[in-house]
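As C-alpha coordinates, the structure follows; a few thoughts come after it.
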Amino acid sequence: MEFTHTRLLVDNYKECLIFYRNALGFDVTWGDESSNYADFKFNGTTLGVFERKQMVEANGEDFSTVIEKADRTALIFKVKSVEETYQELKRKVEFITKPTEQEDWGIKVAQFRDPAGSLIEIYERSKINNSYIHIFIKLTRASLTGRLSKHLC
(Lines of atoms letter the chains of each structure in order from A and count residues from 1; the text may use other names and numbers.)
(Lines give C-alpha, C1' and ligand atoms only; values in the text may rest on other atoms or scores of the structure.)
Protein backbone atom coordinates (compact mmCIF):
# COMPACT_ATOMS: atom_id res chain seq x y z
CA MET A 1 0.00 0.00 0.00
CA GLU A 2 1.29 3.47 -0.89
CA PHE A 3 0.02 6.71 0.63
CA THR A 4 -0.29 9.16 -2.26
CA HIS A 5 -2.07 12.30 -1.07
CA THR A 6 -4.58 14.02 1.17
CA ARG A 7 -8.00 15.03 -0.16
CA LEU A 8 -10.18 17.70 1.42
CA LEU A 9 -13.92 17.33 0.86
CA VAL A 10 -15.39 20.83 0.62
CA ASP A 11 -18.73 22.51 0.02
CA ASN A 12 -17.19 25.51 -1.77
CA TYR A 13 -14.85 23.93 -4.30
CA LYS A 14 -14.16 26.93 -6.55
CA GLU A 15 -13.36 29.20 -3.60
CA CYS A 16 -10.97 26.58 -2.16
CA LEU A 17 -9.26 26.04 -5.52
CA ILE A 18 -8.61 29.77 -5.81
CA PHE A 19 -7.42 29.93 -2.18
CA TYR A 20 -4.82 27.15 -2.48
CA ARG A 21 -3.70 28.29 -5.94
CA ASN A 22 -3.64 32.07 -5.44
CA ALA A 23 -3.31 32.74 -1.70
CA LEU A 24 -0.94 29.88 -0.82
CA GLY A 25 0.72 29.56 -4.24
CA PHE A 26 0.26 25.80 -4.74
CA ASP A 27 0.74 24.50 -8.30
CA VAL A 28 -2.42 23.00 -9.84
CA THR A 29 -1.49 19.67 -11.45
CA TRP A 30 -5.05 18.66 -12.35
CA GLY A 31 -8.40 20.43 -12.46
CA ASP A 32 -9.80 23.91 -12.89
CA GLU A 33 -12.67 26.12 -11.66
CA SER A 34 -15.33 23.92 -13.30
CA SER A 35 -13.98 20.39 -12.66
CA ASN A 36 -15.10 20.08 -8.98
CA TYR A 37 -11.79 18.31 -8.27
CA ALA A 38 -8.22 19.60 -8.27
CA ASP A 39 -4.82 18.29 -7.29
CA PHE A 40 -2.10 20.62 -6.07
CA LYS A 41 1.60 19.89 -5.80
CA PHE A 42 3.56 21.62 -3.08
CA ASN A 43 7.10 20.62 -2.09
CA GLY A 44 6.62 17.03 -3.25
CA THR A 45 3.25 16.54 -1.55
CA THR A 46 -0.13 16.27 -3.28
CA LEU A 47 -3.25 17.87 -1.86
CA GLY A 48 -6.61 17.16 -3.48
CA VAL A 49 -9.73 19.30 -3.14
CA PHE A 50 -13.06 17.73 -4.11
CA GLU A 51 -16.68 18.87 -4.00
CA ARG A 52 -18.09 17.02 -0.96
CA LYS A 53 -21.52 16.45 -2.53
CA GLN A 54 -19.99 14.53 -5.44
CA MET A 55 -17.89 12.35 -3.12
CA VAL A 56 -20.92 11.47 -0.99
CA GLU A 57 -23.00 10.62 -4.07
CA ALA A 58 -20.15 8.55 -5.56
CA ASN A 59 -20.20 6.50 -2.34
CA GLY A 60 -23.93 5.85 -2.81
CA GLU A 61 -24.89 7.86 0.26
CA ASP A 62 -27.42 10.65 0.73
CA PHE A 63 -25.93 14.13 0.75
CA SER A 64 -26.60 16.19 3.87
CA THR A 65 -25.75 19.83 4.39
CA VAL A 66 -25.61 19.18 8.14
CA ILE A 67 -22.06 18.41 9.22
CA GLU A 68 -20.48 18.51 12.64
CA LYS A 69 -18.41 21.67 13.09
CA ALA A 70 -15.41 20.21 14.90
CA ASP A 71 -11.85 20.02 13.65
CA ARG A 72 -11.03 16.47 12.62
CA THR A 73 -8.09 17.26 10.36
CA ALA A 74 -5.39 19.90 10.22
CA LEU A 75 -2.89 20.64 7.47
CA ILE A 76 0.50 21.31 9.04
CA PHE A 77 3.31 23.16 7.26
CA LYS A 78 6.85 23.56 8.59
CA VAL A 79 8.28 26.99 7.72
CA LYS A 80 11.66 28.62 8.28
CA SER A 81 10.11 31.52 10.18
CA VAL A 82 6.55 31.67 11.51
CA GLU A 83 6.85 35.46 11.94
CA GLU A 84 7.96 36.03 8.33
CA THR A 85 5.36 33.64 6.89
CA TYR A 86 2.66 35.21 9.06
CA GLN A 87 3.56 38.69 7.76
CA GLU A 88 3.61 37.41 4.16
CA LEU A 89 0.26 35.59 4.37
CA LYS A 90 -1.79 37.88 6.61
CA ARG A 91 -2.91 40.05 3.68
CA LYS A 92 -4.15 36.90 1.89
CA VAL A 93 -5.65 34.86 4.75
CA GLU A 94 -7.37 35.56 8.06
CA PHE A 95 -5.33 34.08 10.89
CA ILE A 96 -7.20 32.72 13.92
CA THR A 97 -4.06 32.83 16.08
CA LYS A 98 -1.04 35.08 16.06
CA PRO A 99 2.44 33.52 16.17
CA THR A 100 2.63 31.83 19.57
CA GLU A 101 5.32 29.84 21.37
CA GLN A 102 3.93 26.45 22.40
CA GLU A 103 6.64 25.62 24.92
CA ASP A 104 5.21 22.20 25.81
CA TRP A 105 5.28 21.23 22.13
CA GLY A 106 8.67 22.79 21.41
CA ILE A 107 7.31 24.80 18.48
CA LYS A 108 6.10 28.25 17.49
CA VAL A 109 2.78 28.20 15.60
CA ALA A 110 0.14 30.32 13.88
CA GLN A 111 -3.15 29.01 12.53
CA PHE A 112 -5.74 29.97 9.91
CA ARG A 113 -8.53 28.28 7.94
CA ASP A 114 -9.18 27.69 4.28
CA PRO A 115 -12.55 28.80 2.83
CA ALA A 116 -14.08 25.40 3.71
CA GLY A 117 -13.04 25.78 7.36
CA SER A 118 -10.11 23.31 7.32
CA LEU A 119 -7.57 24.16 10.01
CA ILE A 120 -4.12 25.06 8.67
CA GLU A 121 -1.07 25.47 10.89
CA ILE A 122 2.35 26.87 10.15
CA TYR A 123 5.13 26.03 12.60
CA GLU A 124 8.83 26.22 13.27
CA ARG A 125 10.92 24.44 15.88
CA SER A 126 11.15 26.64 18.94
CA LYS A 127 14.61 28.09 19.50
CA ILE A 128 13.77 28.59 23.18
CA ASN A 129 12.69 24.99 23.73
CA ASN A 130 15.67 23.60 21.85
CA SER A 131 17.93 25.41 24.32
CA TYR A 132 16.01 23.89 27.23
CA ILE A 133 16.31 20.43 25.70
CA HIS A 134 20.09 20.79 25.25
CA ILE A 135 20.50 22.02 28.85
CA PHE A 136 18.35 19.12 30.11
CA ILE A 137 20.45 16.60 28.17
CA LYS A 138 23.69 18.08 29.55
CA LEU A 139 22.36 18.04 33.12
CA THR A 140 21.11 14.46 32.73
CA ARG A 141 24.47 13.31 31.36
CA ALA A 142 26.30 15.05 34.21
CA SER A 143 23.96 13.47 36.74
CA LEU A 144 24.37 9.99 35.25
CA THR A 145 28.15 10.37 35.04
CA GLY A 146 28.24 11.42 38.71
CA ARG A 147 26.17 8.38 39.73
CA LEU A 148 28.29 5.98 37.69
CA SER A 149 31.55 7.33 39.10
CA LYS A 150 30.29 6.57 42.64
CA HIS A 151 29.82 2.93 41.69
CA LEU A 152 33.16 2.63 39.92
CA CYS A 153 35.32 3.67 42.92
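Under this note's numbering, the sequence shown has 114 at position 112, and the numbering climbs by one with no breaks. Even glycine gets a Cβ: it sits at the ideal position worked out from N, Cα and C.
In the structure shown, the three-state DSSP call for A60 is helix.
Inside the segment 25–99, DSSP marks whole alpha helix (DSSP H) runs of 4 or more residues at positions 54–60 and 84–91, from first to last along the chain.
For E17, the enclosing alpha helix (DSSP H) begins and ends at Y15 to I20. Contact check for I124 against T99 fails: the beta carbons are separated by 8 angstroms or more.
Less than 8 angstroms separates the beta-carbon of Y22 from that of F42. Check the Cα spacing between T48 and each of E85, E96, A25 and T6: the tightest is with T6. Straight across, the Cα-Cα distance linking E85 with Y39 is about 32 angstroms. Per DSSP, T6 has no beta-bridge partner at all. With respect to the C-alpha of R93, the residue from E17, I109, R127 and F114 having the closest C-alpha is F114. Annotation for A112: the continuous beta strand (DSSP E) segment containing it runs I109 to R115.
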